[in-house]
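K.L.:
A single structure is presented below for examination.
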Amino acid sequence: MDASERTTALRLEDLERAFVQGDRRIDVLTKASATFYPGETVALLGPSGAGKSTLLHIAGLLEKPDAGRVVINGRDCGSLGDSERTRIRRMEVGFVYQFHHLLPEFSALENVMLPQLVLGRTKNDARARAKRLLEPLGLEDRWDHRPAELSGGEQQRVAIARAVANQPKILLADEPTGNLDPHTADKVFEELLRLVREEGVAAVIATHNLDLAARMDRTLRLTEGLLVEEEVAVVEATI
């Protein structure tokens with residue numbers, strides 16, 4: 577299918593974002609544009625400080641750009657008020673961070689149920705959905721455990737399940753395996769890729785790991801405020 581005929585989950589158009597430190601202006605994003613499609617994984621590369629987290633925050637409606645448009649599921653979110661932005665973020669966007677940010681007083685199962693309950697799903701439906709997500713992640717015997725009783729890899733699996741619990745159109749992940757040892761990171765990443773494709777989510781994953789980037793569908797590099805698409809082989813050869 578031609579790219580122009582594909583459904584678009586997320587479109588970023590000419591994003592600009594700058595910060596001022598003292599008398600110095602730092603341009604982080606300058607006309608950054610990209611389009612993301614359901615069921616695909618896109619690696620976001622760039623050195624520390626390049627603006628990857630800022631880009632993800634803007635894409636997820638946690639932060640507003642100075643200029644440009646964020647279009648989610650065909651809707652321009654630029655002129656929306658805070659309450660509507662929050663509603664879209666809860667329904668359309670899932671987040672995974674380097675640290676799991678699970679609620680410590682709740683079990684693994686409850687952590688995945690909670691975002692569903694916030695949107696009004698019944699407790700029985702939320703529990704059933706949480707179990708369907710956690711079981712393939714190898715957590716069927718661990719879902720009554722609290723985060724402190726889980727390993728780092730298990731905690732991040734729960735965080736991934738929580739991120740897709742409300743069946744979002746977009747998954748934004750910021751170094752989701754950066755806090756794990758290489759073996760655990762590899763296993764968690766494979767499960768993340770599988771879940772993205774099964775759920776049909778458009779996933780944008782910021783990473784410094786070129787091996788992980790090579791396993792995704794596309795690679796974008798954030799350089800001098802622009803998003804530039806690169807072939808994986810070129811990325812590996814130029815770093």
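Per this note's numbering: the sequence shown ends with 815, consecutive numbering throughout.
Glycine included, C-beta positions come from ideal geometry on N, C-alpha and C.
1) Distance, Cα to Cα, E806 vs E686?
2) So the candidates are K699, L679 and A608; which of them puts its Cα closest to the Cα of E592?
3) Closest by CA to A737, which one among H676, Q597, E800 and C653?
4) For D590, count neighbouring Cβ atoms within 10 angstroms of its own Cβ and tell me buried if that reaches 16, exposed if not.
5) Mark Q692 as exposed unless 16 or more other C-beta atoms lie within 10 angstroms of its C-beta, in which case mark it buried.
6) Mapping the DSSP letters down to three states, classify R722 as helix, strand or coil.
7) A735 and V618: beta carbons closer than 9 Å?
8) Alpha carbon to alpha carbon, what distance is there between V764 and P758?
9) DSSP on Q674, reduced to helix/strand/coil?
10) Nearest to E716 by alpha carbon, out of L768, R794 and A684?
11) With DSSP run on the structure shown, which of helix, strand or coil describes T630?
12) Let me know if S727 comes out buried or exposed under the rule of 16 or more other beta-carbons within 10 Å of its beta-carbon.
13) According to DSSP, F612 sits in a beta bridge with which residue or residues?
14) Would you decide whether Q732 is buried or exposed? Buried here means 16 or more other CB atoms lie within 10 Å of its CB.
15) Taking the continuous beta strand (DSSP E) assigned at T799, which residues delimit it?
16) Return the bridge partner residues of I602 from the DSSP annotation.
17) How is K745 classed by DSSP in three states: helix, strand or coil?
18) Could you give the first and the last residue of the continuous alpha helix (DSSP H) run that contains T617?
19) Whole angstroms is fine: what's the gap from L796's alpha carbon to L621's?
20) With a CB to CB cut of under 6 Å and the five nearest residues on each side skipped, what residues in its chain are close to V604?
21) Spell out the partners DSSP gives A782 in its beta bridges.
22) Measuring only the C-alpha atoms, how far is G636 from L748?
23) In whole angstroms, give me the CA-to-CA distance for T799 and Y673.
24) How many angstroms separate the CA atom of P614 from the CA atom of R794?
25) Would you decide whether T783 is buried or exposed? Buried here means 16 or more other CB atoms lie within 10 Å of its CB.
P.N.:
With the structure as the only source:
1) So the two alpha carbons sit approximately 40 Å from each other.
2) Comparing Cα-Cα distances from E592 to each of K699, L679 and A608, the minimum goes to A608.
3) Nearest of H676, Q597, E800 and C653 to A737, Cα basis: H676.
4) The residue is exposed, with fewer than 16 neighbouring Cβ atoms inside 10 Å.
5) Around the C-beta of Q692, 16 or more other C-beta atoms lie within 10 Å, and the residue is accordingly described as buried.
6) Note: R722 maps to coil in three-state DSSP.
7) Contact flag unset, no.
8) C-alpha separation (whole angstroms): 10 Å.
9) Q674: coil per DSSP, three-state reduction.
10) With distances taken between Cα atoms, E716 lies closest to A684.
11) Helix, per DSSP.
12) By the 16-neighbour rule on beta-carbons within 10 angstroms, S727 is exposed.
13) DSSP, once it has assigned bridges, lists L586 as partnering F612.
14) Buried is the call here.
15) Its beta strand (DSSP E) spans residues R794 to T799.
16) By DSSP's assignment, I602 forms a beta bridge with F595.
17) Assigned with DSSP and collapsed to three states, K745 falls in coil, not helix or strand.
18) First-last for T617: T617 to L621, but that is the beta strand (DSSP E), not the alpha helix (DSSP H).
19) Their backbone Cα atoms lie some 6 Å apart in a straight line.
20) If we look at V604 and ignore the five residues flanking it on each side, its Cβ neighbours are R593, G627 and T630.
21) In DSSP, A782 forms a bridge with L620 and D750.
22) The alpha-carbon atoms of G636 and L748 are separated by roughly 7 Å.
23) Those two C-alpha atoms are separated by around 22 Å.
24) Taking the straight line joining both Cα atoms gives about 13 Å.
25) The Cβ neighbour count for T783, taken over all protein chains shown within 10 Å, is at least 16; the residue is labelled buried.
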